[in-house]
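The structure under discussion appears below in the form of structure tokens.
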Amino acid sequence: MLKNKSKLIVFLLIFLILANVKYAQAFGNWYVFGDSLSDNGNIPKLTGYPLPPLPYVGNRFSNGPVWAEDFPIVSNFSFIPSNDFSVGGAFTGPLSAEGLNGQPGTFNNLENTAWSSFAPLFTTPQLPSFLTEIQQFAASGGRFKSSDLAGVWIGANNFFVTANQAATLQQYIAGQSTLSDVINSGISPTMLSQINSVYTQTGDVSKAMSILIGNAVQTAVPQVAQGITEMSMLGAKQVVVLTLPPIQDTPSAIQGGAQAQALAAGYTQLYNTYLQQALSSVHNQTGLNIITLNGEVLFKELVSNPGAYGIVNINEEGMQAYLNGDPNYSYYLFWDGVHPTAYTHSIIAQYVSSAVKNFYSLTVPARLIEANADAFSSLINNRIETFIGDNSSNQAITNLNDQNGGPNFYITGNYNSGWRDDSDSTIGFNYNISTFALGADYWINPNLLIGASIGYGNNYASLNDSAGTLEANVYQLALYSLYKLNNFFLNAQLDYGLADFTKISHPGVISSISNSSVKGNYLNLSANGGYIFKLNNFSFIPSIGISATNTSIHSYDLTGDPALNMSVDRQNLSLLLGTVGLKVNYEASLGAMTIIPSVSVEMKSKLNGAGGEFDSYFQDEPSIALTSKYPDYSRNWGVVKVGVDALISNKLSANINYSSTFDKKNSTDHSIWAQVGYKF
């Protein structure tokens, strides 16, 4: 009989291991809205003209794929080319500019104006602006799922209109153009009056131009905010926004001279400042998470340290180098006067990928320590269970303790492993947790046991999608009691742990961002009760319980890459669980030993909400908060456990079991537990 039971336990162990196989899961879909910096070749689809022409590649404004195409490859998002709605020349929204007929008009796209790169081809059709792209997406029935991510890079073409208007205005001031030319460029009479007033009072052209820049920015930024708000209304939960790079450092601006660079710098800085404020407001009003990559910081990193990125030239056009036969043209920063090379686009994609993954990873520390809390709680609960439901042998130990007052000492440990899958906006992870404890318990009387234990946990997590690793030491204490009256029992347990993260590391591009001194703690309270039904050598033990766990991670910074550094607020993850279970023991004698194999099934139900949320921000965009929410993987799941207790003598016992979750959505947990106890 015992031999057959052992075979059954081995079979169950093998089945449980093989039944918990992890299947990879991608994030949602990737969508892109913007201008030529993100356009994957859309102009021919809209106009019938194969533009831009060779040596531009695939009608992109570069010599190969743009960042928007590279990003989903390195970030585990699904993408089809038609999800890129970006169109070269797109303004943020309707804008006053000079038309091909020389008259002022309202346009959505630079390529429909007098300053088009391809004039006079685009009298019709009207190409879209950023706002039009989103409206066309909505009109086609487009909606975002909660797991989708959308990218936005827009605003540069508004500057090119401003630059042309500024050039016309300066020619007018110098007597080289007429008032009609200024009006036809799209400068309204009202704004012209303001500019004239400033110039008359100061005689400073740059101050007069600041009126033009301010007007351009105050037109552009609200349109961007409107578009992103509309994306939220269409279901978007997270959006990536790239701010403008330093336009003054492009080959075109450099060739234009100091005045052109000053104008570009003024526009870029003011646009990005206003955009940060607007994005912060959108987040506060809608709850939309806007992952903002600072284009100025990123490109200044590339310009100041090109060798680290493999870039060979930062201020000349790669296209011209290609035409001149330079074999290194691919590794130039710029392909033409304003657009990056495909190689630079690949670097941008890596930065965006790192920013997204790092934000998506911020819930992992608390979730790892919560798993540790569960592992330690199970460790102690397994100890308590050795006193529940055992028959004569365990009662003999109980009686002997009561007679001589001797405590039980034990050493116990478990090894835990499992995984959490990626969800809407959170990275999953694989974990390994090893815990052990030294403890003692004592029967105050034949009905009441009290005990205490100190323990240590070693935690390691490898994040999905190559998003980093975490390591933590946890120092733990448990206090517990068990009350038995006839066949009824009730046990209570308190666990507390101090967590010390020795490593939180996420990938950057040339360096990781990390922290090796993050602190945290957890508190767990649980109670469990039941009744023991005995039938010959069998014990049937139904039970019901409740547990509450609160995990706290102190605020911390992640540093190492200037374009990716983050600050993370204090976070609290709460979990309230209800449990019902049934355990079956069988007692058999093996010589002088008593062997008690067992099998149990528990059903767990989450009684509280998703657990909490907390804020973070990129340090170069401190006003734009990001809100992380813990994933609500499973509301109900089960745990099956098989094990053997060996009562070797009245003084010595040994125990081992294996447990595994089942029907736990997007996650699973395994544990192997062992214990040796001795009574003095």
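Under full-length UniProt numbering, the first residue of the sequence shown carries the number 1, and numbering increases by one thereafter.
Glycine included, every Cβ here is placed at the ideal spot set by N, Cα and C.
Predicted model, so just to flag it, every value in this text is computed and none were measured.
With distances taken Cα to Cα, identify the nearest neighbour of residue i among the options.
i             : options                        : result
proline 251   : Tyr267, Asp204, Val182, Tyr332 : Tyr332
residue 682   : Ser526, Gly89, Gln255, Asp669  : Any answer about residue 682 is impossible in this case: the structure gives the chain only from 1 up to 680.
proline 125   : Tyr49, Leu576, Gly468          : Tyr49
glycine 307   : Thr344, Asn324, Ala163, Asp336 : Thr344
leucine 362   : Leu298, Leu470, Ile380         : Leu470
alanine 174   : Leu607, Lys604, Ala225, Tyr199 : Tyr199
glycine 28    : Ser598, Ser78, Gly41, Glu69    : Ser78
glutamate 613 : Gly581, Gly287, Thr168         : Gly287
serine 86     : Gln223, Val205, Pro128         : Pro128
proline 55    : Ser330, Gly451, Asp663         : Ser330
alanine 646   : Leu626, Tyr617, Thr594         : Thr594
arginine 570  : Tyr556, Asp561, Lys45          : Tyr556
lysine 45     : Ile369, Ala68, Gly88, Gly325   : Gly88
threonine 273 : Glu69, Val152, Thr549, Val217  : Val217
tyrosine 410  : Gln675, Gln248, Ala167         : Gln675
glutamine 269 : Gly295, Thr627, Asp326         : Gly295
alanine 654   : Ser75, Trp443, Ala167, Thr412  : Thr412
glutamine 170 : Ser210, Phe137, Gly155         : Ser210
Would you call residue i buried or exposed, if buried means 16 or more other Cβ atoms sit within 10 Å of its Cβ?
i                 : result
leucine 590       : exposed
residue 682       : This structure cannot settle anything about residue 682, because the visible part of the chain is limited to 1 through 680.
aspartate 148     : buried
glycine 545       : buried
tyrosine 271      : buried
serine 140        : exposed
asparagine 515    : buried
asparagine 585    : buried
phenylalanine 501 : buried
asparagine 158    : buried
isoleucine 80     : exposed
lysine 664        : buried
isoleucine 454    : exposed
phenylalanine 33  : buried
phenylalanine 299 : buried
alanine 588       : exposed
leucine 179       : exposed
phenylalanine 61  : buried
serine 392        : Low confidence applies here, because serine 392 scores a pLDDT of 42, under 50, leaving its location unreliable and the question unanswered by this model.
lysine 641        : buried
arginine 635      : exposed
proline 622       : exposed
threonine 661     : buried
Round the Cβ separation of residue i and residue j to the nearest angstrom and send it over; I've been treating them as touching at under 8 Å.
i              : j                 : result
asparagine 491 : isoleucine 384    : 5 Å
isoleucine 624 : serine 280        : 5 Å
valine 352     : phenylalanine 144 : About 18 Å separates the two Cβ atoms, so there is no contact after all.
tyrosine 633   : serine 378        : At roughly 19 Å, the Cβ-Cβ gap does not stay under 8 Å, so tyrosine 633 and serine 378 are not in contact.
asparagine 430 : serine 462        : 5 Å
asparagine 382 : tryptophan 673    : 5 Å
tyrosine 456   : tyrosine 475      : 6 Å
asparagine 565 : glutamine 493     : Wrong, their Cβ atoms sit about 41 Å apart, outside the cutoff.
asparagine 109 : tyrosine 31       : Contact flag wrong, Cβ pair sits at about 19 Å.
proline 542    : glycine 530       : 6 Å
proline 189    : isoleucine 195    : Proline 189 to isoleucine 195, Cβ: 11 Å. No contact.
histidine 506  : leucine 558       : 7 Å
Hey, quick one: how far does the alpha helix (DSSP H) through residue i stretch, first residue to last?
i              : result
histidine 339  : First-last for histidine 339: undefined, no H or E at that position.
glycine 256    : 251 to 256
proline 189    : 189 to 202
isoleucine 183 : 179 to 184
threonine 47   : 43 to 47
Output the boundary residues of the beta strand (DSSP E) element that contains residue i.
i              : result
valine 580     : 571 to 586
valine 74      : Careful: valine 74 lies outside any beta strand (DSSP E), inside the alpha helix (DSSP H) at 67 to 75.
isoleucine 228 : Segment 205 to 233 is the alpha helix (DSSP H) holding isoleucine 228; no beta strand (DSSP E) there.
isoleucine 532 : Premise fails: isoleucine 532 is in no beta strand (DSSP E) and is neither H nor E.
leucine 463    : 448 to 463
lysine 651     : That residue, lysine 651, is in no beta strand (DSSP E); it is neither H nor E in DSSP.
leucine 626    : 626 to 629
leucine 438    : 429 to 445
proline 94     : 90 to 98
aspartate 669  : 667 to 679
serine 417     : 408 to 420
Any C-beta of chain D sitting closer than 9 Å to the C-beta of residue i?
i              : result
isoleucine 187 : In the structure shown, chain D cannot be found, because there is only a single protein chain.
Go through the segment 485 to 516 residue by residue and report every complete run of the beta strand (DSSP E) that reaches 3 residues or more, in order.
-> Counting whole runs of 3 or more residues, the segment 485 to 516 contains the beta strand (DSSP E) stretches 488 to 506, 513 to 515.
Could you give the uninterrupted runs of the alpha helix (DSSP H) lying entirely in the segment 344 to 399, keeping only those of 4 residues or more?
-> Within the segment 344 to 399, the alpha helix (DSSP H) runs of at least 4 residues that lie entirely inside it are, in chain order, 364 to 385.
Write down every uninterrupted run of the alpha helix (DSSP H) in the segment 107 to 176 whose length is 4 residues or greater and which is fully enclosed by it, in chain order.
-> Uninterrupted alpha helix (DSSP H) stretches at least 4 residues long and entirely within the segment 107 to 176 occur at 130 to 139, 156 to 173, given in chain order.
3-residue-minimum beta strand (DSSP E) runs that sit fully inside the segment 255 to 334, ordered along the chain = List check, beta strand (DSSP E) in window: 289 to 293, 313 to 317, 332 to 334.
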